[in-house]
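In terms of our numbering, the sequence shown has 1005 at position 287, counting the first letter as 1, and numbering is strictly consecutive. A short worksheet on the structure shown next.
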Amino acid sequence: MAEAIQKLILETLDRHGTIKDTRTLVLPGQNDPAATHDAQIIILGALNSLSSREMITYETHETTSHVLTPEGASIALNGSHEARVWAAVPAKGEGSPMTPKELEAKIGGDIAKIGQGRAFKNKWISKEGAGLVKLASEIDDVTQKEMREVDSTGTLAGGEKALAELRKRKLIMQKKGQWFVVHKGPNFSTSTAKPETDLTVDMLTSGAWKTSTFKKYNFEAEGIPTNGGALHPLLKVREEIRNIFLEMGFAEMPTSNFVESAFWCFDALFVPQQHPAREVQDTFYLSDPAKSLPPPADFYAKVSKVHEHGGFGSTGYRAPWSDEETRKLLLRTHTTASSAAMLYKLAARCRGEEDPEADALAAHSGTTRKGKSADQGDGFRPAKLFSIDRVFRNETMDATHLAEFHQVEGVVADRDLTLADLIGFMRVFFKKMGIENIRFKPAYNPYTEPSLEIFAFHPQLKKWVEVGNSGMFRPEMLEPMGFPKDVHVHGWGIGLERPTMIRYGITNIRSLVGHKVSIDSVEKSPAVRF
719 MAEAIQKLIL ETLDRHGTIK DTRTLVLPGQ NDPAATHDAQ IIILGALNSL
769 SSREMITYET HETTSHVLTP EGASIALNGS HEARVWAAVP AKGEGSPMTP
819 KELEAKIGGD IAKIGQGRAF KNKWISKEGA GLVKLASEID DVTQKEMREV
869 DSTGTLAGGE KALAELRKRK LIMQKKGQWF VVHKGPNFST STAKPETDLT
919 VDMLTSGAWK TSTFKKYNFE AEGIPTNGGA LHPLLKVREE IRNIFLEMGF
969 AEMPTSNFVE SAFWCFDALF VPQQHPAREV QDTFYLSDPA KSLPPPADFY
1019 AKVSKVHEHG GFGSTGYRAP WSDEETRKLL LRTHTTASSA AMLYKLAARC
1069 RGEEDPEADA LAAHSGTTRK GKSADQGDGF RPAKLFSIDR VFRNETMDAT
1119 HLAEFHQVEG VVADRDLTLA DLIGFMRVFF KKMGIENIRF KPAYNPYTEP
1169 SLEIFAFHPQ LKKWVEVGNS GMFRPEMLEP MGFPKDVHVH GWGIGLERPT
1219 MIRYGITNIR SLVGHKVSID SVEKSPAVRF
């Protein structure tokens, strides 16, 4: 069809030199000139194709006409509302007057309500008692005639004032159209053969390239945008937070163990075995395999003793110790399980052992010392470590909760650290994230004392929101690992999803993670800047 229309245009130009109005063309397979808007759209496609080859040039002319709305089309077919009201009511003296309710039941509520007013105004009907009767014996339904005139010609003999009245009644609406004047171009030809777009090997070997016509390259065209990889908003925020840690001299801990034992996830952190978080409602437990390999025997003995009987200045929990409970396998509920295992490795030198992985991380992390010697004969080396990885909770999923999310965690180990050092560090860390207005609130954690919840003021929500948790790891946790008494460890954790939701204006966390994520929004989301 497209090629046939192109041929029609070229042959018409060849005969007449110019096409003064494309509405006069008769398209292939049609009997009438192409005066409709849809026909001109088809012609425009053919003109653009010929113009790109410089075979023709054309000028665009716009037109404005009117078409009927659905209500106007109904009037053209069935008559105006007022005429239908007049036709429905009885003539005066020839029957009982028709009540408004009877009229609505006969011709429809909307038609009756609209038509009554105009019928009264035209003096076609009158009121008799509680009903309506005809007042005029004959009527001239001008509105129906106008609708039919607009439908056939696109305008009215009455001019713009009459058209404006019908537009106001929403019986017609304007419709813009276009038509074209076409001239011969510099490469005019009656042949519609398309020029070659590629120079092929066959053309070179046969010599056909010498007589072929090639399409010109448009070196100013921008081309189609290339599809490439895009970072998910979570990954962008994660990378920014990671860069903050690295800038502050932290080393990244390995956190690849999604499955942990209850010993490292809870017991080594001095979380009591009777703690509610261990229940099935909060933790995903594995059924196969169900038990972990045993932890280091000496450390295990110290941990079980401090839980059950106390030690290192603590009275412990004074509750029965269960070997079965500590060997359970689970999906880790926090990355502090990995931090506990890494702190145990960091204390290897203090126990007179060697651990190359911990030594490398301590050497890579920047110094944290407060003007004191790192090694005072006990083998301790200060360290600053962080991790960002997934954790799992048996949560009921809603707009702000998932069963799987990310935890950002950091620890600082050094001699004689204080709570003031922790607060000072947290202020610096959050300032680098662009959060300067923060507050601290005392809290409880089984493995930190003292503990602090961190709140930041949200300017959009105009309220304080919790952004993290922190504290000083308890001696009951650190000393069984082998750390000297004067070594203290800061620990803190923040979520990754909540800052991301705030930064990107996301209100439902399920649209940030999972199958409901918009791929288009991921590709177009801006870079994050703290």
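The C-beta atom is built at its ideal place from N, Cα and C for all residues, glycine as well. Because the structure is a prediction, the values reported are computed rather than measured.
When the beta-carbon positions are compared, residue 890 and residue 860 stay at least 7 Å from each other. Of the residues assessed, residue 878 falls on the exposed side of the cut-off, its CB having fewer than 16 other CB atoms within 10 angstroms.
Per DSSP, the unbroken alpha helix (DSSP H) holding residue 803 starts and ends at 799-806. DSSP, reduced to helix, strand and coil, places residue 1163 within a strand of the structure shown. Per DSSP, the unbroken beta strand (DSSP E) holding residue 891 starts and ends at 890-902.
Taking a C-beta distance under 7 Å as the contact criterion, residue 1176 and residue 1185 do not qualify as a contact pair. In the three-state scheme derived from DSSP, where H, G and I count as helix and E and B as strand, residue 744 is classed as coil. The secondary-structure analysis by DSSP pairs residue 1130 across a beta bridge with 1102, 1208. Selection 798, 902, 746, 788 evaluated against residue 777 yields 902 as nearest (Cα-Cα). Comparing C-alpha distances from residue 1133 to each of 1071, 1065, 1181 shows the shortest one belongs to 1065. Taken through DSSP and simplified to helix, strand or coil, residue 887 comes out as coil. Inclusion of residue 783 and residue 876 in the CB contact set at 7 Å is not warranted, their separation being larger than that value.
Look at residue 1097 here: in three-state DSSP terms it is coil, with no helix or strand label. Minimum Cα-Cα distance from residue 996 among the listed residues 1235, 984, 976 corresponds to 984.
Fewer than three Cβ pairs drawn from the region 894-908 and the region 788-801 lie within less than 8 Å of each other, which leaves the two stretches out of contact.
By the neighbour-count definition (other C-beta atoms within 10 Å, threshold 16), residue 1157 is an exposed residue. When 1008, 916, 994 are compared, the shortest CA-CA separation from residue 977 is found for 1008. For residue 1082, the enclosing alpha helix (DSSP H) begins and ends at 1074-1082.
Residue state for residue 942 is assigned as coil, using DSSP reduced to three classes. When the five nearest sequence neighbours on each side are left out, the beta carbons in the same chain lying within less than 6 Å of the beta carbon of residue 837 are those of 800, 803, 804, 843, in order along the chain. Residue 1042 is positioned such that its CB atom lies no closer than 7 Å to that of residue 991. Relative to residue 732, the option among 906, 1126, 1082, 1058 whose CA is nearest is 906. The beta carbons of residue 1034 and residue 1025 sit about 6 Å from each other, so the pair counts as a contact at 8 Å. Residue 971 and residue 1103 do touch by the CB rule: their CB atoms are close to 5 Å apart, below 8 Å. Residue 754 sits in coil when the DSSP states are folded into three classes, being neither helix nor strand. Counted as a single uninterrupted DSSP element, the alpha helix (DSSP H) harbouring residue 1062 occupies residues 1054-1064.
One thing to note: residue 1105 has its Cβ no nearer than 7 Å to the Cβ of residue 1075.
Look at residue 1168 here: in three-state DSSP terms it is strand. Across the structure, residue 1073 and residue 1062 are spaced so that their CA atoms are roughly 10 Å apart. In the structure shown, residue 1239 adopts helical secondary structure according to DSSP, grouped into three states.
As computed with DSSP, residue 1182 is found in a beta bridge with 1175. When the five nearest sequence neighbours on each side are left out, the beta carbons in the same chain lying within less than 6 Å of the beta carbon of residue 1159 are those of 1171, in order along the chain. C-alpha of residue 853 to C-alpha of residue 809: approximately 7 Å in a straight line. 7 Å or more divides the Cβ of residue 1235 from the Cβ of residue 948. Assignment of residue 1011 by DSSP, reduced to helix, strand and coil, places it in the coil class.
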